[in-house]
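Enquirer: First the structure, which I've put down as structure tokens, then a few questions once you've had a look.
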Amino acid sequence: MDIVYIKELEVSTIIGIYDWERKEQQTVSLDLEMGANIRMAAAADNIEKTLNYKAVAKRLIEFIESSEFFLVETLAEKTANIVLSEFDVPWLRLRLGKPGAVTGSRDVGVIIERGSKI
Numbered sequence: 132m133d134i135v136y137i138k139e140l141e142v143s144t145i146i147g148i149y150d151w152e153r154k155e156q157q158t159v160s161l162d163l164e165m166g167a168n169i170r171m172a173a174a175a176d177n178i179e180k181t182l183n184y185k186a187v188a189k190r191l192i193e194f195i196e197s198s199e200f201f202l203v204e205t206l207a208e209k210t211a212n213i214v215l216s217e218f219d220v221p222w223l224r225l226r227l228g229k230p231g232a233v234t235g236s237r238d239v240g241v242i243i244e245r246g247s248k249i
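In terms of this note's numbering, the sequence shown opens at residue 132 and continues consecutively.
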């Protein structure tokens, strides 16, 4: 299986459990690795035959910007479900970080893996 990836996609959203977090957008950062077979696209040199990372990014930005979850865990699960179901991806690994959430730390968050590696 090949991997199509997106690194350090930054999106502003409402995320968090504290009162101030419910009023102020924060930046979340995503790394996404998606299982794909790129052979047909490479042979045909045709975007229609591959996993279009720009379309994935655009869809995720739209979703995350309009979301208002309390937990990064929830946002990660919902984001993974979109990629798996809407883009016919059999497997993914998603890192979702919340920079600056813990004093003294550059980033905190979750890494999830969903689907099955073929």
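Yeah, the Cβ is synthetic: ideal placement off N, Cα and C, and Gly gets one too.
Could you give the DSSP three-state label for V233: helix, strand or coil?
Expert: If DSSP states are grouped into helix, strand and coil, V233 belongs with coil.
Enquirer: Determine the burial state of K229: buried for a count of at least 16 other Cβ atoms within 10 Å of its Cβ, exposed for fewer.
Expert: That one is buried.
Enquirer: For T181, tell me which candidate among G166, I195, F194 has the shortest Cα-Cα distance.
Expert: Minimum Cα distance to T181 is reached at G166.
Enquirer: Assuming F201 and G147 form a contact by the criterion Cβ under 8 Å, report the distance between their Cβ atoms to the nearest whole angstrom.
Expert: Confirmed, about 7 Å.
Enquirer: In chain order, which continuous runs of the alpha helix (DSSP H) of length 4 or greater are located wholly inside the stretch 172–234?
Expert: Complete alpha helix (DSSP H) runs here, min 4: 184–197, 203–217.
Enquirer: Relative to the C-alpha of V187, which candidate in S198, S216, A172 has its C-alpha closest?
Expert: Looking at the Cα atoms, S216 is the closest of the given residues.
Enquirer: Any idea what DSSP makes of E155, helix, strand or coil?
Expert: Looking at E155 - three-state DSSP - the assignment turns out to be coil, as it is neither helix nor strand.
Enquirer: Between the alpha carbons of D150 and P221, how many angstroms are there, rounded?
Expert: About 38 Å.
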